[in-house]
């Protein structure tokens with residue numbers, strides 16, 4: 219038997235190794251993403267930082283308001299509120315928080331692998347693979363990716379606590395179970411995707427047993443009941459607050475079946491064979507272009523994964539547990555149910571990468587020579603090669619997330635079907651005064667939404683939206699908010715109209731504004747633009763009609779000034795004088811106030 223001194227020395231050495239491993243893994247994770255710090259606010263960052271996307275910037279608002287109109291993620295909102303109070307206009311500080319969260323999660327994943335399999339090399343490999351996996355670029359290098367970096371940290375702690383509880387007795391089990399329960403609650407209120415991991419609780423108690431004593435078969439069910447209470451609490455709060463639920467977006471069952479297969483293939487490639495094209499994709503078009511092959515591959519992966527679960531359950535239950543974790547993590551984003559926005563996004567697979575990293579590490583560790591003094595050499599070479607590929611990919615993708623133009627230029631180049639890229643590039647170009655480019659981006663987006671030339675004319679655009687269910691489905695899926703699709707199209711055409719009129723195409727602007735007004739007749743901005751475009755073409759009666767309509771729905775001095783010019787051009791000087799006098803009085807009164 220070992221002496222107490224020997225056991226104590228072994229424990230100290232183990233603790234020292236764990237601290238060293240944590241420092242190395244965390245340091246690599248932090249150093250890898252250091253290059254993302256010079257970036258600015260990108261995409262949704264603006265509304266998250268100014269408070270409009272997180273409930274108005276109050277603690278109560280964080281817990282009462284939907285996150286970005288779609289989700290109940292109060293802890294993410296709260297984290298941005300704290301950032302706003304500490305460093306409101308410093309994007310580097312926001313990004314640093316994400317990097318720290320990713321580094322911590324990498325360390326916890328290593329600890330998770332150690333607890334699950336008890337092998338140092340496997341734990342180190344799992345932590346490294348998680349730290350450098352390129353699936354985390356969107357979550358870590360993008361401020362808005364806080365949802366996934368924070369969610370991954372809580373989820374890995376939840377998994378670690380579960381395994382520790384399953385392997386212990388008495389007071390230690392109680393403490394570990396409490397930690398797992400708190401982590402699960404934090405993860406659920408960070409990202410609802412975690413709720414699908416509820417079955418992992420009872421399964422953990424069937425996969426691991428305490429080192430001594432007899433395990434009660436009912437322990438798993440008792441544990442599952444505790445986590446079910448947290449799930450019910452989350453859903454009840456969301457229902458009580460009236461937060462948005464699942465929304466039908468027009469896809470038929472056949473389309474959903476096809477999308478499911480494509481989604482499985484897409485996320486499998488993201489996790490196992492990532493490349494620059496996949497990491498810069500925000501739609502399923504890349505895989506839709508390869509249908510039906512991509513669909514067949516997806517269903518083959520599903521069948522193979524289910525078979526592997528049953529096979530591993532007989533041979534290696536801990537490995538089966540991690541495979542089940544991967545499947546359940548991906549289930550909510552596989553388009554089984556309609557997603558509110560973006561059919562595919564690489565960062566949605568971040569949680570699944572926890573299980574992938576552990577299983578990859580275990581597989582690589584099993585590659586050994588049968589004889590000789592360097593039996594682990596093949597495993598070391600394989601791990602080095604894979605980590606090198608991941609690091610290179612990560613370093614190539616990180617610069618894209620520094621600026622909005624850089625990100626969506628890369629997305630459009632690799633995934634032309636990503637509507638969000640065309641929309642954001644149009645917005646950026648218009649803000650920079652490049653109106654011709656903005657008009658081209660919006661035109662490309664509308665052409666892809668309609669998939670015909672119907673978008674070019676007002677009448678055919680209206681008719682296609684009303685009669686073609688697929689046009690309506692694509693608009694609903696890509697608008698990114700919960701308003702009526704007609705209102706979204708009205709905004710698109712209005713932006714197109716202003717881009718055209720500023721770029722010297724008044725005739726094209728008139729058609730765009732006419733289409734916009736057809737969708738939303740009470741849009742003062744569209745009527746204003748329509749009147750202005752008619753003025754550029756010297757069509758004074760039409761300009762007068764549009765401006766009078768704009769004045770009726772949204773009175774403004776700018777509209778009155780244009781209307782005065784229209785009256786003057788038509789020789790109606792008295793009416794022009796009245797409009798000019800009204801504007802002068804309004805501006806004089808404003809100056810006095």
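In the numbering used here, the protein residues as written are 219 to 811.
Positions of the beta carbon are idealized from the N, C-alpha and C atoms, including for glycine.
Contact between the region 614-621 and the region 251-261 is present, with at least three C-beta pairs closer than 8 Å.
Positions of the alpha helix (DSSP H) runs, each at least 4 residues long and wholly inside the region 599-648, are given as 622-632 in order along the chain. Per DSSP, the continuous alpha helix (DSSP H) segment holding residue 779 begins and ends at 775-787. Counting every other CB atom within 10 Å of its CB across the protein chains shown gives residue 569 a total of 16 or more, marking it as buried. It is roughly 44 Å from the alpha-carbon of residue 691 to the alpha-carbon of residue 423. In the three-state reduction of the DSSP assignment, residue 335 falls in the helix class, which pools H, G and I. Annotation: the continuous alpha helix (DSSP H) that includes residue 720 extends over 703-720. With respect to residue 544, residue 489 sits close: the two C-beta atoms are nearer than 9 Å. In the structure shown, residue 251 falls within a coil segment according to DSSP collapsed to helix, strand and coil.
By the neighbour-count criterion, in which a residue is buried when 16 or more other Cβ atoms sit within 10 angstroms of its Cβ, residue 437 is buried. The Cβ-Cβ distance between residue 499 and residue 486 does not fall below 9 Å. For residue 372, the enclosing alpha helix (DSSP H) stretches over residues 364-384.
In summary, residue 773 is exposed, with fewer than 16 beta-carbon neighbours lying within 10 Å of its beta-carbon over all protein chains present. In the DSSP annotation of this structure, the continuous segment of the alpha helix (DSSP H) that includes residue 654 starts and ends at 653-668. Ranked by Cα distance from residue 282, the options 457, 249, 643, 379 are led by 457.
The C-alpha of residue 497 is placed about 30 Å away from the C-alpha of residue 536. A Cβ-Cβ contact shorter than 9 Å links residue 292 with residue 407. Here residue 632 is buried: its Cβ has 16 or more other Cβ atoms, across all protein chains shown, within 10 Å. Restricting attention to 699, 698, 737, the CA atom closest to the CA of residue 678 is found in 737. For residue 468, the closest C-alpha among the options 705, 706, 725, 693 is that of 693. For residue 795, no pairing in a beta bridge is given by DSSP. Counted as a single uninterrupted DSSP element, the alpha helix (DSSP H) harbouring residue 485 occupies residues 471-490. When the five nearest sequence neighbours on each side are left out, the beta carbons in the same chain lying within less than 8 Å of the beta carbon of residue 614 are those of 494, in order along the chain. Taking C-alpha positions only, residue 768 is separated from residue 558 by approximately 33 Å. Pairing residue 709 with residue 439, the inter-Cα distance amounts to about 52 Å. Put simply, of 333, 387, 450 the residue whose alpha carbon is nearest the alpha carbon of residue 402 is 450. Around the Cβ of residue 606, a 10 Å sphere holds fewer than 16 other Cβ atoms; the residue is exposed. Residue 389 is classed as exposed because its beta carbon has fewer than 16 other beta carbons within 10 Å across all chains shown.
Residue 442 and residue 410 have their C-alpha atoms roughly 17 Å apart. Taking a C-beta distance under 9 Å as the contact criterion, residue 425 and residue 384 qualify as a contact pair. Per DSSP, residue 402 has no beta-bridge partner at all. Scanning the region 254-318 from its first residue to its last, the whole alpha helix (DSSP H) runs of 4-plus residues come out as 263-267, 277-282, 292-304. For residue 734, the enclosing alpha helix (DSSP H) starts and ends at 724-737. The region 235-253 makes contact with the region 307-320; the number of CB pairs closer than 8 Å reaches 3 or more. Less than 9 Å divides the Cβ of residue 719 from the Cβ of residue 751.
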